[in-house]
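Each remark here refers to the structure printed beneath this line.
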Amino acid sequence: MGPLAQPPDSSGSTPHQDRSPTARLEMTGISVAFGGVKALTDVSLTVEPGQVHGLIGPNGAGKTTMFNVACGLVRATEGRIVWRGQELRRLRPAQLAGLGIARTLQGVGLFPGLTVLENVMVGAHRHARAGFFSALFAVPTSDADEARLRERAVAALGELDAEGYAARYPGSLPYPVQKRVALARALVSEPELLLLDEPASGLSEDEMRELGDLIGHLSGRMSVLLVEHHMDLVMRVCDHITVLDSGKQIAAGTPQQVQNDPAVTEAYLGDAVDDTTDVSELAGTDGGTHRG
Ligand SMILES: Nc1ncnc2c1ncn2[C@@H]1O[C@H](COP(=O)(O)OP(=O)(O)OP(=O)(O)O)[C@@H](O)[C@H]1O
Ligand SMILES: [Mg+2]
1 MGPLAQPPDS SGSTPHQDRS PTARLEMTGI SVAFGGVKAL TDVSLTVEPG QVHGLIGPNG
61 AGKTTMFNVA CGLVRATEGR IVWRGQELRR LRPAQLAGLG IARTLQGVGL FPGLTVLENV
121 MVGAHRHARA GFFSALFAVP TSDADEARLR ERAVAALGEL DAEGYAARYP GSLPYPVQKR
181 VALARALVSE PELLLLDEPA SGLSEDEMRE LGDLIGHLSG RMSVLLVEHH MDLVMRVCDH
241 ITVLDSGKQI AAGTPQQVQN DPAVTEAYLG DAVDDTTDVS ELAGTDGGTH RG
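Counting in full-length UniProt numbering, the sequence shown runs from 1 upward without gaps.
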């Protein structure tokens, strides 16, 4: 998979000519309560520029909630988010593209009535205003813009080896291909920060290895926050890992530090382990000893 073609300088849509990532995401003291349920209590993490930051923990630990705070889908009860040195208040999902942030959600989330190419083109709007319809109709403003947009969408699909599906509708494609298209849609805006919630779910071992290669390759030009259950992938691609359990941070560090942290082993052993999680990979323990 080759690097995504740079948009032409004249387009004015990509202010970052230097692709070395420089922006840092800092989430500090994040707490979230849903009614009486404390989903997160005082959780902090920093995604350093160009790093892949893993967010792991047993089922119900609060990973998706933290992810949703980062992309504006959930409002934190307490805490602050600083991105590019500025506090993000009242962050809304529609603002993400303009901030240089892109995400893929746990499901696939493609528009069924648009072709693969159109789906990816919709993702290209750094300045999308109010979501889908304005993204589709407000821009591009000229044939030249549209041609450039199309070129970038084709390049993004090419990076995911999915350009052959450009004219197809998502519903007619196998799930792993749909996931690649969703990733192409996130990449086409050339984000500085990519948020991924369980990108490996539903993938085969080979596809997961390719995904790992891709994430490693992307981190040269963007930062990545990765929520994932597949420990082999997490341990392979992450520079830094934050571990949650019952809404609290129980460990953080390099993959090796986290792997050797007794609190982490304890959290996974004490929980009904998701069948996609291999505890023996996580902590070097005998996976056969876990309950659940
Ligand atoms: N919208 C919501 N309303 C009420 N409770 C919620 C809501 N979303 C999450 N929760 C609760 O918050 C806690 C954390 O959930 P979250 O989905 O963030 O966990 P997770 O780590 O992503 O789990 P999984 O590995 O199963 O995806 C859980 O107790 C969950 O039941
Ligand atoms: Mg989740």
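All C-beta atoms, glycine included, are put in the ideal place defined by N, C-alpha and C.
Because the structure is a prediction, the values reported are computed rather than measured.
Taking 7 Å as the cut-off, is the CB of Gly109 close to at least one heavy atom of ligand 1?
-> Checking every heavy atom of ligand 1 against the Cβ of Gly109, none is found closer than 7 Å.
Taking 7 Å as the cut-off, is the CB of Val258 close to at least one heavy atom of ligand 1?
-> Every heavy atom of ligand 1 is 7 Å or more from the Cβ of Val258, so no.
Integer-rounded CB distance, given that Ala251 should sit under 8 Å from Ala263 = That belief holds up - the Cβ atoms of Ala263 and Ala251 are roughly 5 Å apart, short of 8 Å.
For the beta strand (DSSP E) that Met27 lies in, which residues bound it at each end?
-> In the DSSP assignment, Met27 falls within the unbroken beta strand (DSSP E) covering 25-34.
Taking only the alpha-carbon atoms, compute the straight-line gap between Val258 and Ala267 and give it to the nearest angstrom.
-> As the crow flies, the alpha-carbon of Val258 is around 12 Å from that of Ala267.
Go through its chain and collect everything with a Cβ distance to Val234's Cβ below 8 Å, but skip five positions before and after it.
-> Correct list, in chain order: Gly54, Ile56, Leu226, Glu228, Ile241, Pro255.
For Arg80 and Asp42, the rounded distance between their alpha carbons = As the crow flies, the alpha-carbon of Asp42 is around 11 Å from that of Arg80.
Between which two residues does the alpha helix (DSSP H) carrying Glu198 extend?
-> No alpha helix (DSSP H) holds Glu198; DSSP gives it neither H nor E.
Alpha-carbon spacing of Ser44 relative to Arg103, whole angstroms = Cα to Cα, Ser44 sits roughly 20 Å from Arg103.
May I have all residues whose beta carbon comes closer than 6 Å to any heavy atom of ligand 1, sorted in chain order?
-> Per the CB criterion, closer than 6 Å to any heavy atom of ligand 1, the qualifying residues run in chain order as Phe34, Val37, Ala39, Gly57, Asn59, Gly60, Ala61, Gly62, Lys63, Thr64, Thr65.
Report the three-state DSSP secondary structure of Arg152 (helix, strand or coil).
-> Arg152: helix per DSSP, three-state reduction.
For Thr65, the three-state DSSP class (helix, strand or coil) | Correct three-state label for Thr65: helix.
Between the C-alpha atoms of Ala33 and Ala76, what's the straight-line distance to the nearest angstrom?
-> Straight-line Cα distance between these residues: approximately 8 Å.
How would you label Ser223, buried or exposed, when you count the other beta carbons within 10 angstroms and need 16 or more for buried?
-> So Ser223 counts as buried.
Taking DSSP as the reference, what is the three-state secondary structure of Arg185?
-> Of the three classes helix, strand and coil, the one that applies to Arg185 here is helix, per DSSP.
How many angstroms separate the CA atom of Ala144 from the CA atom of Arg150?
-> Taking C-alpha positions only, Ala144 is separated from Arg150 by approximately 10 Å.
Could you give the C-beta distance for Glu207 and Pro176, rounded to a whole number, given that I count them as a contact under 8 Å?
-> Their Cβ separation, rounded to whole angstroms, is 5 Å, which keeps Glu207 and Pro176 in contact under 8 Å.
Identity of the residues DSSP links to Glu78 by a beta bridge | Residue pairing from DSSP places Glu78 in a beta bridge opposite Ser31.
Rank Leu183, Glu198, Asp197 by C-alpha distance to the C-alpha of residue 306 and give the top, closest one.
-> With the chain running from 1 to 292 in the structure shown, residue 306 is simply not present.
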